[in-house]
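Encoded as structure tokens, the structure appears first; notes follow it.
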């Protein structure tokens, strides 16, 4: 059987949606048909993901999701192909999203970028000094909703767009608790949301409860 590498992008998206192992061919760009198929898969993936999200999530922006999928695809390629020069890795990964930076865009990008912590952990285990790690850390700061669990001391996370949406704020706070990410506690609105979730059960996350001075 001949594998069309240019059309592997949809299979990559499908594997993400199924939490399957990713096989990423290097050095190819998806064609228009692959992009169209990937967009359909992302829409299906979002419908399922929304069922597991808190209420009041923003509307889905398919273009933002497709952009994020493309960036994550490239990041996975750069992890698989270690010979690519650092300048190319940086230029390709540190691109601005063409969509307006709003709640809808953040939610839609998160559909794929929520896998960034896993990619970061895997890449870090292979090489601490990899340029890919530097790029993922910069992506993590730019998209804090998706990067909980990537520890970056003294990072300036701008969470205003997150805190202005009830659904995103709840999702963000839940992830902070799940990952015990104590680097994400500087925002007062986030602190209050964490206190609300923890309530009278500080053992839900004792470390964060202690930092927030939550007591029974």
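Residue numbers (the working numbering): 1496 to 1711. From the three backbone atoms N, C-alpha and C, an ideal C-beta is built for every residue, glycine too. Fair warning: this is a prediction, and the values are worked out from it, not measured in the lab.
{"Check": "Beta-carbon separation (whole angstroms), residue 1559 vs residue 1594, contact threshold 8 Å", "Outcome": "4 Å"}
{"Check": "Cα-Cα separation, residue 1573 to residue 1557", "Outcome": "24 Å"}
{"Check": "Coarse secondary structure for residue 1649, derived from DSSP in three states", "Outcome": "coil"}
{"Check": "Stretch pair the region 1616-1627 + the region 1574-1586: three plus CB contacts closer than 8 Å", "Outcome": "yes"}
{"Check": "For residue 1710, the three-state DSSP class (helix, strand or coil)", "Outcome": "coil"}
{"Check": "Pairwise C-alpha distance: residue 1508 and residue 1569", "Outcome": "12 Å"}
{"Check": "Residue 1681 to residue 1710 span [Cα, whole Å]", "Outcome": "19 Å"}
{"Check": "Close-in-space but distant-in-sequence residues of the same chain around residue 1562 (CB under 6 Å, 5 per side omitted)", "Outcome": "1592"}
{"Check": "Spatially closest choice to residue 1676 from 1660, 1642, 1655 and 1614, by CA coordinates", "Outcome": "1642"}
{"Check": "Cβ pair residue 1692, residue 1669 closer than 8 Å", "Outcome": "yes"}
{"Check": "Proximity below 8 Å, CB of residue 1638 to CB of residue 1601", "Outcome": "yes"}
{"Check": "beta-carbon residue 1504 near the ligand NAP non-hydrogen atom, thresh 7 Å", "Outcome": "You won't find the ligand NAP in this model; it holds no ligand whatsoever."}
{"Check": "Short Cβ contact (8 Å threshold) for residue 1671 with residue 1699", "Outcome": "no"}
{"Check": "Assumed close pair residue 1549, residue 1665 - CB separation to whole angstroms, cut-off 8 Å", "Outcome": "4 Å"}
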